[in-house]
Amino acid sequence: LPDEFKRALPVINQLEQAGFEAYFVGGCVRDAILGLPIHDVDIATSAFPAEIKAVFDRTIDVGIEHGTVLVLTEDESYEITTFRTESTYQDYRRPDHVDFVRSLEEDLKRRDFTINALALAHDGTVIDLFDGLTDLENRCLRAVGQAQDRFKEDALRMMRGLRFVSQLDFQLEEKTKQAITAHAHLLAKISVERICIEFEKLLIGKNRSQALLLFVETTCFKYCPQLAQYQAQLLAFANNNRNEVADMTVAWALLLAQLGFSSKQVKPFLKAWKTSNQLCLDVQLLLQMLTIRQQRVFEALDLYHLNTAIVPKLSQLCLLYQLPETAEVLLQRYQALPIHQLKDLAINGHDLMTAFQRKGGSWLKQVLTLCEQAVLNGEIANEKTVLLAYAKEQMNCEKID
Ligand code: ATP
Ligand code: MG
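221 is the number of the first residue of the sequence shown in the working numbering; add one for each residue after it.
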């Protein structure tokens, strides 16, 4: 057993001593067998939620209606979920009602893919009712039971499937693929937020390329926001660009660059995907910078729009386009800029109004922008007297309102 499981064994043991069954289940078992890092150790048990809470001193109700209780140990916390079936699926979405059951088999049956339907007992025995171990061995992603039914029950599973193909670099089993193709339209019933979570994992997965091909082939792309018109571009992206991208922001920027988006088109696109404002701003900036870099090398004025967090992302994006911009050099150049924001300028609007005895107005912004540019370009020093002299000069010769 991997250490993560060993550390959790007391939790399993306590449930068993109280007369219940308890197993490690789902993604953690799959990842452990694949030798991948384990992020969450999930436990399934025959104990009902009230019974779980009676066994442990410290618990938190995180999803009691779904049978999930968080158990706190000395230095860890574990999600413990009662064995359950999901009987009533309304609208092709995850069920709003679950039934707690005492049988592990029932619980494993309702899971999406065979490789996610493995359970691991305290002694290291794997319970494998659907040949998940063989599929893990063959790197094959197969729905549990009748694929057709499973995607009808919960259409999100189709996007999860494509995400696992990318993340694990697995092949999609033929019947499972056919069933996804037949039911892709049901994705329209699923919330954008939930589709987005899976799509983002697909974009940062090991085999994004293959997953994107299947995304197009199964027609899932037609039922995702803003992508229906981009079949050819998605295929070209899948076929021409196989580099793994670990960063989500870079992954979105690469997708949009490959689809031929300008930075102006980013906002409506990502709004439709309901991503955060921060992501939207970052992707916009990355596309702007990429477009510039494809025409010429960066100048100080370009770098001024960056921030330290985006520098490594920009570097990654440039390198994906064979544009040599290492994060180190880019960061050095960014940090060496004489100013990083308008308020770093040695004069402000107030200084200008006093010096020129004029009221505020649009001239202030214009003059400050000229000063900002001159300082960034290294034409003048960022010193008050120098800046005021420069401002005076500009006010005389430029058309300042
Ligand atoms: P990850 O490594 O991304 O967490 P995971 O397989 O653990 O992958 P989770 O969303 O954490 O994915 O779900 C845990 C387990 O719950 C899955 O392994 C699977 O057995 C089951 N599961 C999750 N979502 C579904 C679903 N929509 N339909 C059926 N089973 C599901
Ligand atoms: Mg998980």
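Think of the CB as a built atom: it goes at the ideal place given N, C-alpha and C, for glycine as much as any other residue.
This one's a predicted model, so the numbers in the text were calculated from it and none came from an experiment.
Under the Cβ criterion (8 Å, minimum of three pairs), the region 457-464 does not count as touching the region 516-527. Secondary structure within the region 491-548: not one fully enclosed beta strand (DSSP E) run of 3 or more consecutive residues is present. Note on geometry: alpha-carbon atoms of ALA270 and PHE390 lie some 39 Å from one another. Looking at the backbone, the Cα of LEU422 and that of GLN514 are separated by about 27 Å.
Shown here for GLU418: same chain residues with a beta carbon closer than 6 Å to its own, the five before and five after excluded, namely MET379, ARG380, ARG383 in chain order. For the pair GLU299 and GLY598, the Cα-to-Cα distance works out to about 57 Å. Between GLN614 and LEU590, the C-beta gap is smaller than 7 Å, which places the two residues in contact. Each residue's CA atom was taken as its position, placing LYS442 and LEU607 some 55 Å apart. Just measuring C-alpha positions, the residue of TYR610, LEU256, THR305 sitting nearest VAL318 is THR305. With respect to PHE303, VAL275 sits apart: the two C-beta atoms are not nearer than 7 Å. Residues of the same chain with a CB within less than 6 Å of the CB of LEU543, apart from the 5 flanking positions on each side, are ARG513 in chain order. Exclusion of GLY287 from the 6 Å shell around the ligand MG follows from its C-beta lying no nearer than that to any non-hydrogen atom of the ligand.
In its chain, beyond the 5 residues on either side, VAL412, ALA492, TRP493 have a beta carbon closer than 7 Å to the beta carbon of PRO445.
Excluding sequence positions up to five before and after LEU221, its CB lies within less than 7 Å of the CB of GLY344, all in the same chain and listed in chain order. With 16 or more other CB atoms across the displayed protein chains lying within 10 angstroms of its CB, HIS403 is buried. Annotated three-state conformation of PHE333 is strand, per DSSP. A distance criterion of 6 Å places the beta-carbon of ARG331 in contact range of the ligand ATP, judged by its closest non-hydrogen atom.
Counting only the Cα atoms, VAL486 lies some 23 Å from LEU407.
Between the C-alpha atoms of TYR541 and LEU521 there is a straight-line separation of about 22 Å. SER582 and GLY247 have their alpha carbons spaced roughly 58 Å apart. The secondary-structure analysis by DSSP pairs PHE489 with nothing; it has no beta-bridge partner. Fewer than three beta-carbon pairs drawn from the region 238-255 and the region 282-292 are found closer than 8 Å, and the two stretches are therefore not classed as touching.
A straight-line Cα-Cα distance of about 53 Å links GLY239 and GLN536.
In this model, ALA228 and VAL261 are separated by some 8 Å (Cα to Cα).
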